[in-house]
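Residue numbers (numbering that gives the first Met the number 0): 0 to 795. Glycine included, C-beta positions come from ideal geometry on N, C-alpha and C. None of the values given here were measured: they were computed from a predicted structure. Written below as structure tokens is the structure these notes are about.
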Amino acid sequence: MKKLLSTIVLAIVATAGWAQTRIWNNIVTGYSNVPFVKITKVVLSADSTEVFMHFDMPERAAGQEGVLAAKSLLQADGKTYEAKNAVGMKLGQPVKIPKDCKVDFSLVFDALPASTWLFSISDPGIWIINAVRDADANADVDVTPVGITDTYWRNTLTGDWLIGFAQHHVIYNNKVWDILNQTEQKDTYVLTLNDGLTIKVGKLKKGIRPITIGTGKAIACNPITQEALPDYPTKDTRKGFVDNGYREGDSVTIVGWLKDMPEQAWKQSGEFEVWTSNFITDKTESFTAKLDSLGRFTLRMPLLNSATVTLAPRQSWVHPVLEPGKTYFFLNDFNTGQKLFMGDDVRLQNELVACPATWPETRINPGESAMQFMERANKVFDAIITKMQADITHRPNLSQRFIDYIKGLCMAGQGYSMMQARFDVPGRSLPKEYMDYVNTKLWQPAPKPYTLYSEFPRFMRDYLDQLRDERHSVSIDPYRITLNDGAYPIILRQARADGKVSITDEELALMERYAVEFHKEYAKQAKNQKIDSLNIDLAGTDLDKLGIAEQYLAIMERPDVKKEIEQEFSLIDLYYQKQAIESATTDRALIDLALARKFYWKLNSFRKSLDPSDLNFANKEIKLASALNFVLTENDKYVALEHQDLANAASLRPSTDVANMTDGEKMLRKIIEPYKGRVIYLDVWGTWCGPCKQKLKDSWKVKEALKDYDIVYLYLCNGSSDESWKNVIKEYNLTGPNCVHYNLPKEQQSAIEHYLSVNSFPTYKIIDKQGNIHDLGWLDDQNLEAFKQTMGKFCK
0 MKKLLSTIVL
10 AIVATAGWAQ
20 TRIWNNIVTG
30 YSNVPFVKIT
40 KVVLSADSTE
50 VFMHFDMPER
60 AAGQEGVLAA
70 KSLLQADGKT
80 YEAKNAVGMK
90 LGQPVKIPKD
100 CKVDFSLVFD
110 ALPASTWLFS
120 ISDPGIWIIN
130 AVRDADANAD
140 VDVTPVGITD
150 TYWRNTLTGD
160 WLIGFAQHHV
170 IYNNKVWDIL
180 NQTEQKDTYV
190 LTLNDGLTIK
200 VGKLKKGIRP
210 ITIGTGKAIA
220 CNPITQEALP
230 DYPTKDTRKG
240 FVDNGYREGD
250 SVTIVGWLKD
260 MPEQAWKQSG
270 EFEVWTSNFI
280 TDKTESFTAK
290 LDSLGRFTLR
300 MPLLNSATVT
310 LAPRQSWVHP
320 VLEPGKTYFF
330 LNDFNTGQKL
340 FMGDDVRLQN
350 ELVACPATWP
360 ETRINPGESA
370 MQFMERANKV
380 FDAIITKMQA
390 DITHRPNLSQ
400 RFIDYIKGLC
410 MAGQGYSMMQ
420 ARFDVPGRSL
430 PKEYMDYVNT
440 KLWQPAPKPY
450 TLYSEFPRFM
460 RDYLDQLRDE
470 RHSVSIDPYR
480 ITLNDGAYPI
490 ILRQARADGK
500 VSITDEELAL
510 MERYAVEFHK
520 EYAKQAKNQK
530 IDSLNIDLAG
540 TDLDKLGIAE
550 QYLAIMERPD
560 VKKEIEQEFS
570 LIDLYYQKQA
580 IESATTDRAL
590 IDLALARKFY
600 WKLNSFRKSL
610 DPSDLNFANK
620 EIKLASALNF
630 VLTENDKYVA
640 LEHQDLANAA
650 SLRPSTDVAN
660 MTDGEKMLRK
670 IIEPYKGRVI
680 YLDVWGTWCG
690 PCKQKLKDSW
700 KVKEALKDYD
710 IVYLYLCNGS
720 SDESWKNVIK
730 EYNLTGPNCV
740 HYNLPKEQQS
750 AIEHYLSVNS
760 FPTYKIIDKQ
770 GNIHDLGWLD
780 DQNLEAFKQT
790 MGKFCK
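What follows is the structure, given as structure tokens:
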């Protein structure tokens, strides 16, 4: 194991043996092949070594069973130790993953030598963690490096990472340079780089080396021996983050080195990858750059504004803030586990590596009231701030920007969590006190730029939807009905300004009053009714007695009013979005981004180009160039699709195949009759269904895995226009000799779904060669190898 850190000489505290138990609480590690496996503590005693593990699994793992430790091995000083037992589970036995996806247990090994300061641990074929050590082991070891190879040095005056030395390279000024020549004399070094630059490294004295770069003055430097850059020597009181006004075309550049990657990491990926959340789409976007043979890379990627991203999710799992227009150098040394940033202004990035923070998934519990959940969410907020204060106690020079970032993360995370609660409370009704808290404590003080946290746009989506629903929607469990009347005065006020209608302020006020009172009356009467027999009667209500309903209907029947309402009717959702965001903020950029999000939702849901009225609305209302151009670019994609010929058009079958039929089972049997004796993979989906479309997008992987089997892929589309249906088929290339598509009339599709017991989308079924129908889970194909075996049994 000494080869991992060959340049570090350890001065082990002399001991005749085990004098006392040692506990490592501040664990530092090198390479790990899975980001959700952590070591939280190590207890080294005279008779055993206990390694405490924490698994924080992905959400999709909840409820599944898996072996987390089959034959765990620990390697230290050239010896291998096999786990004797485990505490909290049984070795080699499946563990059912709980709802929160968190599993804690410990592995017990024979005692390690008293001099052990570093080890690796693995469960072959499942997970591996290299170079496990204690960051607080200064009392036991001296980690001052001898020599300069594979060491990193910081400017003792500024605290910044200045330079790094590898066997044949030097890291300096955001670049990896080749060493053309290196000489050593009595612990001093002279290096000549490939551009002719000379670097002189002076003798180590009291942990400091003077380093001279070119013709500059010698800089006093001390080694970086911890996982992240240590505390900066002075406080940075600057506030705020780069805000470019969401300028279109901005970018950020990341240069770096994934140094000494093990073979297993190379097999996972030969690319450097960055994940970032698109503010308008809420989708995670991936940007990649090829690694050279040593693991070096350069990536330039678009960046709408300052944002938190994930670097190298397969290798590093670091979450820094990136700011537009800047260049960063990122190092991940897989031997030492060190992750460091170099650049003109990378203090915050290094602090976030040293003191990482995330907002934990916080959801309202069954039976918990909204106010009880608010109190619990506040405690989560307070716990993160308390941890931050503890970090500040130990690291008093943490920057003001770090402090502000953590507080902003908590506000965005709590806002998202609290507004997600709307989906789990009766009638989606949140108390006024609850909403006032969200508004004053989380929404109004939201830090800028709004792209900083991926949680914020999701918080905004749910917050604006709640504002809209409170004004214009009625809950009839499990449904929610949005009333249109509230949009009409908004539409007519705009039409009057454009000279299209003649209407007075008094008439508009009457329409607004009608909308408010009708909403109340509708909610009152609908409370004890069912949606399929709903009847709202205004006779005898105040709207009727005061003549408001009559006057309202008279206005609505006027030709100019009627014409304008009909023309703008398809835009009601956009008018409601505009009303909600303008009531919540005066920030023009945020208003435009919110409108762009609603347009994207419309494009993504219906998968067809916007109507002329939609385009007119976008061009008129969205002032921010980047937001408007995003909408227009997305729309152009669907315009192009609509002009694209449909390959293998015979895959699309007409509804006349089941003309005049009403029985669901008989229609399905009629549809599959031509494929008798073949296995049919049935997909019930809709163009409006996000998970359906994501699965269709990735369906080529399933088809590739099953290409050796004779399978018919039958797609039944729910509740979608022909235009949207065909666009999705074109977009994901879902035609071919073994693909069959139907978009049946609503009644016929519903009858088939009823026969198949479809109650969620997407729904998958297998129809075997004998015509028997078998259920499939919608995530069954996540493990393609196991899924292939399942399908192979049907195809025998």
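Tell me whether residue i is buried or exposed, calling it buried when 16 or more other Cβ atoms sit within 10 Å of its Cβ.
i      : result
Lys1   : The predicted model places Lys1 with a pLDDT of 38, which falls under 50 and marks its position as unreliable; any figure quoted below should be read in that light. The residue in question, Lys1, is exposed, as its Cβ has fewer than 16 Cβ neighbours within 10 Å.
Arg59  : exposed
Asp504 : exposed
Val345 : buried
Lys764 : buried
Leu264 : In the sequence under discussion, the amino acid at residue 264 is Ala, which differs from the Leu named in the question. When all chains shown are included, Ala264 counts as buried.
Ala227 : buried
Val638 : exposed
Val145 : exposed
Ser31  : buried
His740 : buried
Tyr551 : buried
Lys795 : exposed
Ile127 : buried
Tyr436 : buried
Gly407 : buried
Thr157 : exposed
Glu703 : exposed
Glu432 : exposed
Lys694 : buried
In whole angstroms, what separates the C-alpha of residue i from that of residue j?
i      : j      : result
Ala658 : Val683 : 20 angstroms
Trp600 : Asn243 : 25 angstroms
Leu507 : Ala486 : 11 angstroms
Ala761 : Ser604 : Looking at the sequence provided, one finds Pro at residue 761 rather than Ala. Cα-Cα distance, rounded: 15 angstroms.
Leu545 : Lys526 : 24 angstroms
Asn647 : Gly414 : 48 angstroms
Ile178 : Ile170 : 10 angstroms
Asn172 : Gly342 : 7 angstroms
Asn180 : Thr191 : 5 angstroms
Asp249 : Ile490 : 36 angstroms
Gln643 : Asp610 : 18 angstroms
Phe108 : Asp230 : 35 angstroms
Ala785 : Leu743 : 33 angstroms
Leu713 : Trp724 : 14 angstroms
Arg299 : Arg362 : 37 angstroms
Lys499 : Tyr521 : 31 angstroms
Ala514 : Asp635 : 37 angstroms
Over what stretch of residues does the alpha helix (DSSP H) that includes residue i continue unbroken?
i      : result
Ile699 : For clarity, residue 699 is Trp in the given sequence; the question names Ile instead. Counting along the chain, the alpha helix (DSSP H) containing Trp699 begins and ends at 698 to 704.
Ile670 : 663 to 671
Lys199 : Element bounds for Lys199: not the alpha helix (DSSP H) but the beta strand (DSSP E), 197 to 200.
Tyr551 : 547 to 555
How is the beta strand (DSSP E) around residue i delimited, first residue to last?
i      : result
His773 : 772 to 775
Cys738 : 738 to 741
His753 : That residue, His753, is in no beta strand (DSSP E); its alpha helix (DSSP H) goes 745 to 755.
Trp358 : Trp358 -> no beta strand (DSSP E), and no H or E assigned at all.
Ile765 : 762 to 766
Ser119 : 117 to 122
Arg299 : 295 to 301
Cys716 : 710 to 716
Glu262 : Element bounds for Glu262: not the beta strand (DSSP E) but the alpha helix (DSSP H), 262 to 267.
Trp724 : That residue, Trp724, is in no beta strand (DSSP E); its alpha helix (DSSP H) goes 721 to 730.
Which residue spans inside the stretch 470 to 521 form an unbroken beta strand (DSSP E) run of at least 3?
472 to 475, 478 to 481
Beta strand (DSSP E) segments (min. 3 residues) lying fully within the stretch 16 to 88
21 to 23, 36 to 43, 48 to 55, 72 to 75, 78 to 81, 84 to 86
Would you call the stretch 333 to 340 and the stretch 357 to 374 in contact, with 3 or more CB pairs under 8 angstroms?
no
contact_flag[the stretch 304 to 311, the stretch 185 to 198] where n(CB pairs < 8 angstroms) is 3 or more
no
Contained alpha helix (DSSP H) runs [length at least 4] in the stretch 569 to 641, N- to C-terminal order
571 to 583, 587 to 605, 611 to 620, 624 to 641
Per the contact definition of three or more C-beta pairs closer than 8 angstroms, is the stretch 450 to 459 in contact with the stretch 401 to 414?
yes
Within 8 angstroms, do at least three Cβ pairs link the stretch 86 to 104 to the stretch 120 to 131?
no
Would you mind listing the alpha helix (DSSP H) stretches within the stretch 352 to 412 that are 4+ residues and don't spill past its ends, in chain order?
369 to 393
Tell me whether the stretch 64 to 84 and the stretch 157 to 164 touch, counting them as touching only if at least three CB pairs, one residue from each stretch, are closer than 8 angstroms.
no
Three or more C-beta pairs closer than 8 angstroms, one from the stretch 463 to 481 and one from the stretch 277 to 290: is that the case here?
no
Is it the case that the stretch 24 to 40 contacts the stretch 317 to 336, given that we only count it when at least three CB pairs across the two stretches are under 8 angstroms?
yes
Evaluate the contact criterion for the stretch 182 to 189 versus the stretch 198 to 218: three or more CB pairs, one atom per stretch, below 8 angstroms.
yes
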